[in-house]
Amino acid sequence: MKICKQCGAEVADNVSFCAKCGAKMEATGNAGGAGNTGNMGNAGANMNQGQYQQYYQAPVDPYDHTAEFDQKDISDNKVFAMIAYLIGTMGIIIALLASHKSPYAMFHVRQALKFTVLMTLTGIVAMILVWTFIVPIAAGLFILVLFVCRIIAFFSICGGKAKEPYIIRNFNFLR
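For the sequence shown, full-length UniProt numbering assigns the number 1 to the initial residue and increments by one for each residue that follows.
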């Protein structure tokens, strides 16, 4: 038996890919039976490739946190999560007061709060640099993009999802 260097799982000696994580296994130099191993290696590799595809799972979206929440919590607090995006600061306050014990609603309150912080910072920069004319125009466009992302986040909640909204996830200082 070989040990996978990727995940530590035990793997049979004739396997080319780890069945647990899919990592390619290093070929071991087996001196005994050297005459026949060329064709057998290819047949074994093809069989193991099929085995690898059987265990392969689609990549997971790192920004989708839906699996972390209970389905009952999602269905009970979906409306409060929607309000946080729709009404802005007042919606955040309403959601905090109405469902402060719901992890799902609190996730969306945090995301909506990030939108509010970005919009406020953008407005402050635009007011300070209003004399440049180009900065207020760029700020207005950015606020429009944030508004569209907020609408997308709203429809994500309608589907019962808990995904970090676009644009917001790229600002590391908001993590």
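Using N, Cα and C, we set each Cβ at its ideal position, and we do this for glycine too.
Would you call the CB atoms of V109 and A153 closer than 9 Å?
Using a Cβ distance threshold of 9 Å, V109 and A153 do not count as a contacting pair.
Check whether the Cβ atoms of M119 and I143 sit closer than 9 Å, and answer yes or no.
Cβ distance < 9 Å, so M119 and I143 count as in contact.
Backbone secondary structure at D73 - three-state DSSP:
It is helical.
Please classify residue 183: does DSSP put it in a helix, a strand, or coil?
With the chain covering 1 to 175 only, the question about residue 183 has no answer from this structure.
Tell me whether G44 sits in a helix, a strand or coil according to DSSP, three-state version.
Any reading at G44 must be qualified, since the residue scores a pLDDT of 49, below 50, and its modelled position is unreliable; the value itself is stated next. In the structure shown, the three-state DSSP call for G44 is helix.
Residue 201 lies in the alpha helix (DSSP H); which residues open and close that run?
Only positions 1 to 175 of the chain appear in the structure, and residue 201 is not among them; the question remains open.
What would DSSP say about V11, mapped onto helix, strand or coil?
In this structure, V11 counts as strand in the three-state DSSP scheme.
Comparing alpha-carbon positions, which option in L97, A67, A12 lies nearest G160?
Nearest option by C-alpha distance: A67.
Identify which residue in D13, V79, I92 has its Cα closest to the Cα of S156.
For S156, the nearest C-alpha among the options comes from V79.
Within 10 Å of its beta-carbon, does L146 have 16 or more other beta-carbons around it, so buried, or fewer, so exposed?
With 16 or more other Cβ atoms within 10 Å, it is buried.
Given a threshold of 16 other Cβ atoms within 10 Å of its Cβ, counted over all protein chains shown, does G32 qualify as buried or as exposed?
Residue confidence is low: G32 scores 43 on pLDDT, short of 50, so the model does not pin down where it sits. Its coordinate-derived value is still stated next. Classification for G32: exposed.
Report yes if the C-beta distance between V130 and L174 is below 9 Å; otherwise report no.
Going by C-beta atoms, V130 is not nearer than 9 Å to L174.
Is it buried or exposed, Y63, if we count other Cβ atoms within 10 angstroms and call 16 or more buried?
Burial call: exposed.
Same chain, Cβ closer than 8 Å to A139, neighbours up to 5 away in sequence not counted
Leaving aside the five residues that flank A139 on each side, the residues in its chain whose CB is nearer than 8 Å to its CB run, in chain order, T122, G123, V125, A126.
Return the chain-ordered list of same chain residues with a C-beta closer than 6 Å to the C-beta of K20, the five sequence neighbours on each side being excluded.
Taken in chain order, the residues that qualify are C7, A9.
In the DSSP assignment, find the alpha helix (DSSP H) that holds I94 and state where it starts and stops.
Element bounds for I94: 89-98.
With 16 other Cβ atoms within 10 Å as the buried cut-off, status of C4:
Burial check for C4: the Cβ neighbour count within 10 Å reaches 16 or more, so the residue is buried.
Best match in G88, K114, A84 for proximity to M100 [C-alpha to C-alpha]:
The residue you asked about is not Met; residue 100 is His in the sequence shown. Nearest Cα to H100 within the set G88, K114, A84: A84.
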